[in-house]
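What follows is a short report on a single structure.
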Amino acid sequence: MSTTYTVDSATSRATPTPKPMKRVTVPAIRARKGQPGAEPLVMLTAYTVRTAQLLDPHCDILLVGDSLGQVIYGLPSTLPVTLDMMCAHGAAVSRGSFHAAVVVDMPFGSYEVSPEQAFASAARIMAETGAAAVKMEGGVAMAETVAFLSDRGIPVMGHVGLTPQAVNALGGYGARGRSNAEYDKIIGDAVTVADAGAFAVVVEGVVETLADSIVDALDVPVIGIGASARCDGQVLVTEDMLGLFERTPRFVKRYGDMAGSITDAVQHYAAEVRARVFPSADQVYKPKD
Ligand code: KIV
6 MSTTYTVDSA
16 TSRATPTPKP
26 MKRVTVPAIR
36 ARKGQPGAEP
46 LVMLTAYTVR
56 TAQLLDPHCD
66 ILLVGDSLGQ
76 VIYGLPSTLP
86 VTLDMMCAHG
96 AAVSRGSFHA
106 AVVVDMPFGS
116 YEVSPEQAFA
126 SAARIMAETG
136 AAAVKMEGGV
146 AMAETVAFLS
156 DRGIPVMGHV
166 GLTPQAVNAL
176 GGYGARGRSN
186 AEYDKIIGDA
196 VTVADAGAFA
206 VVVEGVVETL
216 ADSIVDALDV
226 PVIGIGASAR
236 CDGQVLVTED
246 MLGLFERTPR
256 FVKRYGDMAG
266 SITDAVQHYA
276 AEVRARVFPS
286 ADQVYKPKD
């Protein structure tokens with residue numbers, strides 16, 4: 006499978022093809038922390054080229070999240086997501102974007118064994134997708150790996166708090182940090198991952214006060230999801246905020262009604278096909294005079 010990320014504007018569906026522009030870089034993201042008057046970082050998930058094209062002008066970071074397992078493939082969790090999937094979707098998102106930094110999730114099982122295993126997986130992601138960085142779940146246990154990759158030219162975004170790849174160990178997707186022990190452990194995870202060299206850290210599904218403490222403790226940007234308005238940036242799963250699903254988690258704000266728009270359009274189409282209204286004269290080819 007070819008996963009080249011070079012844009013072929015002659016054959017791509019990019020209409021109009023966005024003008025190539027300078028991408029947001031990892032050092033620029035890192036430098037946003039503590040910049041007086043800096044705006045919060047805007048991050049959304051993207052898995053496909055067309056979505057990337059639409060989100061790109063408005064986002065600082067496009068995350069090719071392993072949430073694509075549930076959103077695109079209908080899998081029960083992120084655990085069955087493979088490196089092949091992440092590489093194929095990562096390359097598509099790079100092809101569809103020119104501005105935002107593309108960050109690709111390391112899938113479950115591709116990095117936990119050793120720093121060397123993580124480097125091999127991350128190097129494949131970087132080479133095949135053209136991403137700027139990888140994202141990795143885990144705290145203290147992943148610190149050595151974060152340092153190993155960062156020291157070898159692969160920028161790493163950390164991910165602590167509710168880490169969906171650990172759903173079996175955590176016992177579900179509930180908010181974290183309600184007990185003192187859990188609160189302290191998650192702060193320790195965030196600080197350790199940042200000290201190891203992560204250029205930014207996603208904090209997911211934690212009580213607001215814990216997210217605020219992490220924002221104060223880290224000297225790299227903290228990007229929140231189900232965390233706090235005080236975070237240095239925010240991320241959501243795009244299909245959640247666009248209203249593609251009936252059920253949305255409490256921390257998601259719906260900015261659209263994609264499910265409603267699709268249902269309306271498809272009902273209209275089905276009715277017109279059945280009534281022989283579609284296609285009309287405008288949609289059929291006539292012989293040349
Ligand atoms: O996989 C994903 O989409 C994520 C975000 C929810 C942060 O990791």
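The numbering used here puts the sequence shown at residues 6 to 294. Heads up, the beta-carbon is just placed ideally off N, CA and C, and yes, glycines get one too. The structure displayed is predicted, hence computed values, not measured ones.
Return the CA-CA distance between A134 and A180, expressed in angstroms with no decimal places.
The sequence given here places Thr at residue 134; Ala does not occur at that position. T134 and A180: Cα-Cα distance of roughly 32 Å.
Mind checking D224: buried by the 16 CB within 10 Å criterion, or exposed?
exposed
Do T243 and L49 have their C-beta atoms closer together than 8 Å?
yes
Among the candidates H104, L67, Y52, whose CA atom is the shortest distance from the CA of V76?
Y52
Identify the residues that DSSP records as bridge partners of G229: which are they?
V208, Q239
Rounded to the nearest angstrom, what separates V207 and F256 at their Cα positions?
15 Å
From the DSSP output, in three-state form, read off R279 for me.
helix
Helix, strand or coil for R55? Go by DSSP, reduced to three states.
helix
If we call anything under 8 Å between Cβ atoms a contact, is V165 one with A136?
no
Between the CA atoms of G74 and L249 - distance to the nearest angstrom
15 Å
Using beta-carbon positions only, say whether M91 and P112 come within less than 8 Å of one another.
yes
If distances are taken between C-alpha atoms only, which option among P284, A234, L80, V212 comes closest to D189?
V212
Measure the C-alpha to C-alpha separation of D217 and D237 and round it to an integer number of angstroms.
10 Å
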